[in-house]
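Visitor: Mind having a look at this structure? Questions to follow.
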Amino acid sequence: MEAILPVEALPADSSGQNDFKIITTIRSDGLLENPPSTTSLPPGFKPSRFYMPQLHRDRMLAAAEAFNWPQNPKEVISNLEGFLSAHLKCKYKDSHYASPLKLRVIVFHGGAINVTSRPVPAVELSSLFPSSFSELLAQPSSFPIFVSPVSTSPSLFTSHKTTKRAQYDDIRALLPNSSEKSEGKAAPLLAEILLVNHNSEIMEGSITTPYFLREGEWITPAAKCGGNLGTTRRYALEQGICKESIVMKKSVQMGERVVLSNSVRGFAWGFMEKLENP
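Residues in the sequence shown are numbered consecutively from 867, following our numbering.
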């Protein structure tokens, strides 16, 4: 059985450090800037139209450190919120543009930055900053969740979010009714599929962090399993909503309710289903 190394010891890709970019996706939403009251936000979070911007900054800086990038891109990342506001002002003529958006940020090895955006559906503030998962489970299920039948090799490119995402696209192409299978692109967010490492441990979702109820506690796959160290994952851990642990593939039951999160849609949940004829 292949050993799974700690995140800091995971191997980088041998193809070089300049053929990929560090990325993040972040929600922009007027609801976050003007919450019903300041008590609507968890301790330590101030009103900002961007969803947990400080956690995105920290994550991207951690990626730059892990890949031994120079100082220039690190300085750009440190001013992430300023670049996001500049994008809104340039594209929408309003740095406080209220409608919900998905912003995709790409930082290059040389220090350049690119920000693009598109509209996304509105969500409740409680879906972005839940105090527990019990309140989420009272809401309707969002989508079906499957487990990948093939394993994924952990690396720095699974622990950190970069433009090297072919393996994620390949896994999402296994989803039922994926209209993009022939093009090798990721399927739309109609379902989620969980990645599994060579030890049969759940790593993460293809575009989300999963959380499982085990012995009365919510747990998320441990960092050493090789999955992405996402911002909503960090939020849930620091707020005491969940703990890290190993989640074996064989422990995941069909019909089980699993909470999912990412930095655009926040937190939601779905049912585990069997992947037929992948």
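Built from N, CA and C at the ideal position, the CB exists for glycine as well.
(1) Closest to Thr-982 by C-alpha separation, out of Leu-1060, Thr-890, Leu-1061, would be which residue?
(2) With distances taken from CA atoms, which of Ser-1007, Pro-1042, Val-1062 is nearest Ser-1021?
(3) Are the CB atoms of Phe-916 and Glu-941 nearer to each other than 8 angstroms?
(4) Helix or strand or just coil, what does DSSP make of Lys-957?
(5) Leaving out five residues before and five after Glu-1049 in sequence, what residues of the same chain have Cβ atoms less than 8 angstroms from its Cβ?
(6) Kindly indicate the opening and closing residues of the alpha helix (DSSP H) around Ala-1101.
(7) Could you tell me the boundaries of the alpha helix (DSSP H) in which Val-1118 lies?
(8) Only counting the same chain, and skipping five residues up and downstream in sequence, which positions put a Cβ closer than 6 angstroms to that of Trp-1084?
(9) With distance defined between alpha-carbon atoms, name the residue in Ile-1059, Val-971, Ser-1008 nearest to Arg-925.
(10) In whole angstroms, give me the CA-to-CA distance for Thr-1097 and Gln-920.
(11) So, at 8 angstroms on beta carbons, what are the nonlocal neighbours of His-1026 in its own chain, with the 5 sequence-adjacent residues on each side left out?
(12) State the DSSP-derived secondary structure class of Gly-1071, mapped to helix, strand or coil.
(13) According to the neighbour-count rule (16 or more other Cβ atoms, all chains shown, within 10 Å of its Cβ), is Arg-893 buried or exposed?
(14) Going along the chain, which residues of its own chain have a beta-carbon closer than 7 angstroms to the beta-carbon of Glu-874, five neighbours each way excluded?
(15) Taking one C-beta from the region 985-1005 and one from the region 1126-1139 each time, how about it: are there three or more such pairs within less than 8 angstroms?
(16) Would you tell me roughly how many angstroms separate the C-alpha atoms of Ser-1017 and Ser-1066, rounded to the nearest one?
(17) Using a Cβ-based criterion (distance less than 7 angstroms to any ligand heavy atom), does Glu-1142 qualify as near the ligand NAP?
(18) Would you kindly work out how many angstroms separate the C-alpha atoms of Pro-1042 and Asn-938, rounded to a whole number?
(19) If you compare alpha carbons, which of His-922, Pro-902, Gly-896, Arg-923 is closest to Ser-914?
(20) Taking the straight line between their C-alpha atoms, what separation do you get for Val-986 and Arg-1080?
(21) Take the Cβ of Ala-1039 as the centre, count every other Cβ of all protein chains shown within 10 Å, and call the residue buried at 16 or more, exposed below.
(22) Does the separation of the CB atoms of Ser-1019 and His-975 fall below 8 angstroms?
(23) Using the Cβ count rule (16 or more neighbours within 10 Å means buried), how would you classify Lys-1090?
(24) Hey, Ile-1059 and Ile-1037 are a contact pair by Cβ (cut 8 angstroms); roughly how many whole angstroms apart?
(25) Buried or exposed for Asn-900, please, with buried defined as at least 16 other CB atoms from any protein chain shown within 10 angstroms of its CB.
(26) Over what stretch of residues does the alpha helix (DSSP H) that includes Lys-1030 continue unbroken?
(27) Does any CB atom of chain C fall closer than 8 angstroms to the CB of Ser-1007?
(28) Decide if Glu-990 is buried, meaning its Cβ has at least 16 other Cβ atoms within 10 Å, or exposed.
Guide: Let me spell this out:
(1) Thr-890
(2) Val-1062
(3) no
(4) helix
(5) Residue confidence is low: Glu-1049 scores 42 on pLDDT, short of 50, so the model does not pin down where it sits. Its coordinate-derived value is still stated next. Nothing meets the Cβ criterion.
(6) One point to set straight first is that residue 1101 is Tyr, not Ala, in the sequence displayed. From DSSP, the alpha helix (DSSP H) with Tyr-1101 extends over 1097-1104.
(7) Taken as a continuous stretch (DSSP letters only), Val-1118 belongs to no alpha helix (DSSP H), as it is neither H nor E.
(8) Phe-999, Tyr-1077, Cys-1108
(9) Val-971
(10) 9 angstroms
(11) Ile-888, Arg-925, Ala-928, Ala-929, Ala-932, Phe-933, Asn-1094, Leu-1095
(12) Looking at Gly-1071 - three-state DSSP - the assignment turns out to be strand.
(13) buried
(14) Residue confidence for Glu-874 is low, a pLDDT of 36 falling below 50, so the modelled location carries little weight; the figure read from the coordinates is stated next. Counting only Cβ-Cβ distances below 7 angstroms, and skipping sequence neighbours, we find nothing.
(15) yes
(16) The straight-line gap from Cα to Cα measures roughly 8 angstroms.
(17) No copy of the ligand NAP occurs in the structure displayed, which carries no ligand at all.
(18) It is roughly 43 angstroms from the alpha-carbon of Pro-1042 to the alpha-carbon of Asn-938.
(19) Gly-896
(20) 32 angstroms
(21) buried
(22) no
(23) buried
(24) 6 angstroms
(25) exposed
(26) According to the DSSP assignment, Lys-1030 belongs to no alpha helix (DSSP H), since it is labelled neither H nor E.
(27) You won't find chain C in this structure, because it holds only one protein chain.
(28) exposed
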